[in-house]
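Visitor: One structure coming up, written as structure tokens, with questions to follow.
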Ligand SMILES: [Cu+2]
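Numbering (this note's numbering), first residue to last: 4 to 124.
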């Protein structure tokens, strides 16, 4: 009478499976990136910045130059921050703001290029 016993234990193992699968499925799902790691991408295009960008404190703002002309990102009033290097077409530079506030910036090569980054708590 060993076989029926084996069948029974196999059945018990099968019944126990759904719980086990459920446990395995949880960690396998993609984990959302921490909010602080996300940020914004600011495309510099047609000699213009997007007028307003909002991120949370600690999030990166990546400036990406899509123009054939060289641009940069420099503080203009408001809290200071380190200006970006010159960005050629296709280049990008990420800035991270550790303090909440409204940061105005401009391109030093084109006086009409201005934008604002609002950093929220
Ligand atoms: Cu420019």
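C-beta: ideal position from N, C-alpha, C; glycine also. Bear in mind that the values here come from a model prediction, so they are computed numbers and not experimental data.
Run the CB neighbour count on residue 26, radius 10 Å, all protein chains shown included, and call it buried at 16 or more, exposed below.
Guide: The sequence position of residue 26 within the chain shown is 23, counting from 1. Summary for residue 26: the model assigns pLDDT 45, below 50, so the residue's position carries little reliability, and this model does not support an answer.
Visitor: For residue 52, is the classification buried or exposed, using 16 other Cβ atoms within 10 angstroms of its Cβ as the cut-off for buried?
Guide: To locate residue 52, count along the chain shown from 1; it is residue 49. Classification for residue 52: buried.
Visitor: Is DSSP giving residue 108 helix, strand or coil here?
Guide: Looking up residue 108 in the chain shown gives position 105. Here residue 108 sits in strand by DSSP.
Visitor: How many angstroms separate the CA atom of residue 79 from the CA atom of residue 43?
Guide: By 1-based counting over the chain shown, the position of residue 79 is 76. By 1-based counting over the chain shown, the position of residue 43 is 40. Taking the straight line from one Cα to the other gives about 20 angstroms.
Visitor: Under 6 angstroms Cβ to Cβ from residue 121, same chain only, skipping five residues before and after it: list those, please.
Guide: The residue labelled residue 121 in the question sits at position 118 within the chain shown. Result list for residue 121: 57, 105, in chain order.
Visitor: Sort 47, 115, 110 by Cα distance to residue 85 and report the nearest one.
Guide: The residue labelled residue 85 in the question sits at position 82 within the chain shown. Ranking the options by Cα distance to residue 85, first place goes to 110.
Visitor: For the candidate residues 65, 60, 59, whose alpha-carbon lies nearest to that of residue 46?
Guide: Counted from its first residue, the chain shown places residue 46 at position 43. Minimum Cα distance to residue 46 is reached at 65.
Visitor: Spatial neighbours of residue 97 within its chain, please: C-beta separation below 7 angstroms, excluding the five flanking residues on both sides.
Guide: Working through the chain shown from its first residue, we reach residue 97 at position 94. Within the same chain, residue 97 has close Cβ partners 63, 64, 65.
Visitor: Where does residue 108 land, buried or exposed, given buried means 16+ other C-beta within 10 angstroms?
Guide: In the chain shown, the residue the question calls residue 108 occupies position 105. Burial call: buried.
Visitor: Indicate the three-state DSSP secondary structure (helix, strand or coil) for residue 24 in the structure shown.
Guide: By one-based count along the chain shown, residue 24 stands at place 21. Since pLDDT at residue 24 reaches only 45, below the 50 mark, its modelled position is unreliable, and no value is offered.
Visitor: With a cut-off of 8 angstroms on the beta carbons, I'd call residue 73 and residue 91 a contact; round off their distance for me.
Guide: Numbered from 1 along the chain shown, position 70 holds the residue referred to as residue 73. Numbered from 1 along the chain shown, position 88 holds the residue referred to as residue 91. So it is a contact: roughly 6 angstroms between Cβ atoms.
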